[in-house]
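See below for the structure under consideration.
2 protein chains.
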Amino acid sequence: MYALAVDRMAPMNFADNLFRRVLELRNPCLVGLDPHLGKMPAEFEAVHGSDATRAEMAADVVRFFDGVIDAVSDLVPAVKPQSAFFEALGVAGVEAWEEVVKKSHQAGLLVIGDVKRGDIGSTAAAYAQAFLTGMRGTDPETLCDCITINPYLGSDSIEPFLEACKESGKGLYVLVRTSNPGSAEFQLQGDPTLSELVADAVVGWGQDLMGECGYSSVGAVVGATHPTDLAALRKRMPKAPFLIPGYGAQGGGAAELTPAFGPHFAGGLVNSSRGILYPKAKPGQHWKDAVREAAETMIAEFRALDLSPVN
Amino acid sequence: MYALAVDRMAPMNFADNLFRRVLELRNPCLVGLDPHLGKMPAEFEAVHGSDATRAEMAADVVRFFDGVIDAVSDLVPAVKPQSAFFEALGVAGVEAWEEVVKKSHQAGLLVIGDVKRGDIGSTAAAYAQAFLTGMRGTDPETLCDCITINPYLGSDSIEPFLEACKESGKGLYVLVRTSNPGSAEFQLQGDPTLSELVADAVVGWGQDLMGECGYSSVGAVVGATHPTDLAALRKRMPKAPFLIPGYGAQGGGAAELTPAFGPHFAGGLVNSSRGILYPKAKPGQHWKDAVREAAETMIAEFRALDLSPVN
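First to last, the protein sequences are chains A and B.
Going by the numbering used here, 789 is the number at position 9 of the first sequence; the sequence numbering is gapless.
Going by the numbering used here, 1008 is the number at position 228 of the second sequence; the sequence numbering is gapless.
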């Protein structure tokens, strides 16, 4: 039997924690926490007004995500805050980021920080410290369980992140084949293509970070918008958990994602941000209920898929 | 005649401002502001102690860079704060980042934010807002004149940054060929190589952002550690300002960089971080004097190069 919530005192392995949460909740749905200020419900007056400070807007963002976390924390394995929108709010935004990460953890959710960082040597180590391992005085609850990283600079830029994961048991999703239309421009160049080369590197990077569940804590970002590549990259990276953006708002549907999961949902985590955060509420429906309903609709779509579970 | 300090009220074009500063100061030296806490002078007790809070350490970082800015602001055209080290200090670190950017501007320096961000659509737009254009309530002095970005996701991930530059007159340095040993792993794959493809894209991205000086506000990061590629990439991107890391600490010398500059220093900005921030002070010498001397030594090495100036 798997315990539902992540035991934060146990020696952690990201892949195992993810596997456990996904199997227990029987769905691979990831709620992307993108605070598009203009799309937030009307009750958040600071983000819709014209004279609020950034601190007031950031407070609205925290209150909004409090409601979202409350609405989905017993339904989905994980959330994915998107750093850019928080950073746009300056210092107050980074404070809000830490609050949202902490509250997600307290609700039992895994937190995947969508930060897409990438740099070399001691700089990469500083990013790993910022998001995964912390320093003296960092509240561990404000750190992520896993972050997204960019491989453009090569293996020596990934190494400090791998070291941080070995030390902390945390995880990484490496950008391999992104969901945007322009992703082909560089990612499909060459033979093997850049994304195939990165995929092969992901396999190597993940070798020392295997969980007991059979997956590694080093995963890959592969867009829902490329179903053929999704199947090919799954064969190329059989042990890598996939983070799959581009479902819903960007076009890809659930059935097309079947090849990503392997024999059970733990192989892939499918992100939806706008589709869950900003649904059209029915007359009289509270926005939190609309958020929960949107998450349930997505979950049902995946539970209806014909996968062969391992247990 | 060029005015020495950037006129922050004039409609700005990053390439023109950079060109003006570089020609006036007759050197292409860029001081990288990387707060390696352990390397800072002994007088900064919070970063060396074992019981300081992150806010106390961040205050030391601001005080240290106050001294550095004071020591070099009349010598060099620009500084390059490295975001990772600030982010590792959490909210207090981001507060320190804004302070350091603001003080650099107030000292007349151009500020290149080394953030290496990259994402798609509205997320890229949020990063541009965070660092280049700001939102309601952002102090414009805390924004950068230019940032580094990562091209892995393709042209549609660059577009929002280009839009932000058209609106604000600011600039970008795109990662093309980085200075680290592992950069060949992906950047030299294919024929044309990935870095050649990105270089060709940089030319296109920069076309609508040309300054009167003949350079574009869209530049390229090309490492000092690859002198042959530096010459070839200069031919491939004749109008792109280069940001050149890897001088000194990482191995490349001044003479090897000649091909990067074209007919004058404005073609390239050469970064030194540790070599200038953390020199060995002579007995009795104040650390700020050692910092200034290190900058002067680097400047002299470049002024000694045989370039044909345009004026």
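All C-beta atoms, glycine included, are put in the ideal place defined by N, C-alpha and C.
Can you give the beta carbon distance from Y953 of chain A to F799 of chain A, rounded, assuming they're within the 8 Å contact cut? The Cβ separation is near 15 Å, so there is no contact.
Along the chain, where does the alpha helix (DSSP H) that runs through A1144 of chain B open and close? Lying before the first or after the last residue shown, residue 1144 of chain B is absent from chain B, which here runs from 781 to 1091.
According to DSSP, residues forming a beta bridge with K1015 of chain A: Residue pairing by DSSP places K1015 of chain A in no beta bridge whatsoever.
By DSSP's criteria, N1051 of chain B is part of a beta bridge. Which residues make up the other side? Answer is B:L810.
Measuring CA to CA, which of B:E939, B:Q967, B:G951 and B:C926 is closest to L933 of chain A? Considering only B:E939, B:Q967, B:G951 and B:C926, the residue with the shortest C-alpha distance to L933 of chain A is B:Q967.
Using the three-state DSSP reduction, which class does A887 of chain B fall into: helix, strand or coil? DSSP places A887 of chain B in coil when its eight states are reduced to three.
Please list, in chain order, the chain A residues whose beta carbon lies closer than 7 Å to that of P893 of chain B. Note that residue 893 of chain B corresponds to Gly in the displayed sequence, not to Pro. What G893 of chain B touches in chain A: nothing, since even the nearest Cβ is about 11 Å away.
From which residue to which residue does the alpha helix (DSSP H) around P861 of chain B run? P861 of chain B -> not in any alpha helix (DSSP H); beta strand (DSSP E) instead, spanning A858 to P861.
Does any CB atom of chain A fall closer than 9 Å to the CB of M1017 of chain B? Under the Cβ distance rule, M1017 of chain B does not count among the residues neighbouring chain A, no pair being separated by less than 9 Å.
Starting from G986 of chain B, follow the alpha helix (DSSP H) in both directions and report where the run begins and ends. For G986 of chain B, the uninterrupted alpha helix (DSSP H) run begins and ends at L974 to G986, by DSSP.
Should L813 of chain B and V880 of chain B be called a contact, given that it needs their Cβ atoms to be closer than 9 Å? In this structure, V880 of chain B lies closer than 9 Å to L813 of chain B by Cβ.
Delimiting residues of the alpha helix (DSSP H) encompassing Y907 of chain B: G901 to A908 is the span of the alpha helix (DSSP H), which, as asked, contains Y907 of chain B.
Which term fits E839 of chain B, buried or exposed, when burial requires 16 or more other beta carbons within 10 angstroms of its beta carbon? Before going further, note that residue 839 of chain B is Ala rather than Glu in the sequence given. Counting of Cβ neighbours within 10 angstroms places A839 of chain B among the buried residues, the total reaching 16 or more.
Have a look at P776 of chain A and N1051 of chain B and give me their C-alpha separation to the nearest angstrom. Missing from the structure shown is residue 776 of chain A; chain A here goes from 781 to 1091 and no further.
What whole-angstrom Cβ distance do A1034 of chain B and L1085 of chain B have, given they're in contact under 8 Å? The C-beta separation of A1034 of chain B from L1085 of chain B comes to about 6 Å, placing the pair in contact by the 8 Å criterion.
Tell me which residue opens and which closes the beta strand (DSSP E) that T928 of chain B is part of. Note, T928 of chain B: beta strand (DSSP E), C926 to I929.
Could you check whether L955 of chain A and P940 of chain A sit closer than 9 Å to each other, using their CB atoms as the reference points? Cβ distance not < 9 Å, so P940 of chain A and L955 of chain A don't count as in contact.
Could you tell me if S948 of chain B is buried or exposed, where buried requires 16 or more neighbouring beta carbons within 10 angstroms of its beta carbon? S948 of chain B is buried by the Cβ-count criterion.
What does L974 of chain A reach in chain B if we use C-beta pairs closer than 7 Å? Near L974 of chain A (Cβ distances below 7 Å), the residues of chain B are F966, Q969 and L974.
Whose C-beta lies closer than 6 Å to the C-beta of L1049 of chain A among residues of the same chain, with five residues either side of it excluded? P808, L810 and L1023, listed in sequence order.
When the Cα of V895 of chain B is compared with those of A:G1028, A:K883 and A:E867, which residue comes out closest? It is A:E867 whose Cα lies nearest to the Cα of V895 of chain B.
Distance cutoff 9 Å, beta carbons only. Does I1024 of chain B sit that close to anything in chain A? I1024 of chain B does not count as touching chain A.
Pull out every residue of the stretch 838-869 of chain B whose Cβ sits closer than 7 Å to any Cβ of chain A, in chain order. So the list reads Q862, A864, F865, E867 and A868, given in the order they occur along the chain.
Residue burial classification, S884 of chain B (beta-carbon count within 10 angstroms, cutoff 16): It is buried - the Cβ of S884 of chain B has at least 16 other Cβ atoms within 10 Å.
Check whether the Cβ atoms of A1004 of chain A and S959 of chain A lie closer than 9 Å to each other. Taking C-beta atoms as the reference points, A1004 of chain A and S959 of chain A count as a pair closer than 9 Å.
So what does D894 of chain A bridge to, in DSSP terms? Residue pairing by DSSP places D894 of chain A opposite A:Q862 in a beta bridge.
Close-in-space but distant-in-sequence residues of the same chain around G991 of chain A (CB under 8 Å, 5 per side omitted): N793, F794, A795, D796, F799 and S997.
Hey, is T833 of chain A's beta-carbon within less than 9 Å of any beta-carbon in chain B? Yes, T833 of chain A lies at the interface with chain B (some Cβ there is under 9 Å from its Cβ).
Could you tell me whether the Cβ atoms of P1018 of chain A and A1046 of chain A are closer together than 9 Å? Between P1018 of chain A and A1046 of chain A, the C-beta spacing is not below 9 Å.
Output the distance between the C-alpha atoms of G970 of chain A and G1026 of chain A, rounded to the nearest integer angstrom. Looking at the two C-alpha atoms, the distance is approximately 24 Å.
Classify E965 of chain B: buried if its beta carbon has 16 or more other beta carbons within 10 angstroms, exposed otherwise. Around the Cβ of E965 of chain B, a 10 Å sphere holds 16 or more other Cβ atoms; the residue is buried.
In terms of residues, what are the limits of the alpha helix (DSSP H) holding G847 of chain B? Element bounds for G847 of chain B: R834 to V852.
For a cutoff of 9 Å on Cβ pairs, would you count P1039 of chain B as touching chain A? Output row for P1039 of chain B: interface = no.
Name the DSSP beta bridge partners of A1000 of chain A, please? Residue pairing of A1000 of chain A in beta bridges, as defined by DSSP: A:V954 and A:F1022.
Three or more C-beta pairs below 8 Å linking the stretch 824-831 of chain B and the stretch 906-920 of chain B: Because the criterion of three Cβ pairs below 8 Å is not met, the stretch 824-831 of chain B and the stretch 906-920 of chain B do not touch.
Closer than 8 Å by C-beta to E1076 of chain A: which residues in its own chain qualify, once you throw out the five before and the five after it? Chain order, please. If you ignore the 5 residues before and after E1076 of chain A, its C-beta comes within less than 8 Å of the C-beta of L855, all in its own chain and listed in chain order.
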